[in-house]
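Chemist: Just passing along the structure, written as structure tokens.
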Amino acid sequence: MNRKKMIELIVYILIVIVGIVLLMTNHLKDKEKINDLHFGGVSNAVISVQ
12 MNRKKMIELI VYILIVIVGI VLLMTNHLKD KEKINDLHFG GVSNAVISVQ
């Protein structure tokens, strides 16, 4: 019984770690998209002013 609970605990910890890694990598991709949109908007504004 004790061994079964340890295995269950390890599985839960692995699921949490994988979830955190996925959230962090997804957040980084969102930041890159925001930066691309921002820089694209700035370059378009500069081109239209010239």
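Okay, so the sequence shown: first residue is 12 according to our numbering, each after it adds one. For glycine and all other residues, C-beta sits at the position ideal for the given N, C-alpha and C.
1) Please state whether DSSP places residue 35 in a helix, a strand or coil.
2) Express the C-alpha separation of residue 33 and residue 26 in angstroms, rounding to a whole number.
3) Using the three-state DSSP reduction, which class does residue 12 fall into: helix, strand or coil?
4) Please return the same chain residues whose Cβ sits closer than 8 Å to the Cβ of residue 22, not counting the five positions on each side in sequence.
Modeler: Based on what the coordinates show:
1) DSSP places residue 35 within a helical segment (H, G or I) once states are collapsed to three.
2) Answer to the nearest angstrom: the Cα atoms are 11 Å apart.
3) Under the three-state reduction of DSSP, residue 12 is assigned to coil, being neither helix nor strand.
4) Sequence-distant Cβ neighbours of residue 22 in its own chain, meaning closer than 8 Å and more than five residues away, do not exist here.
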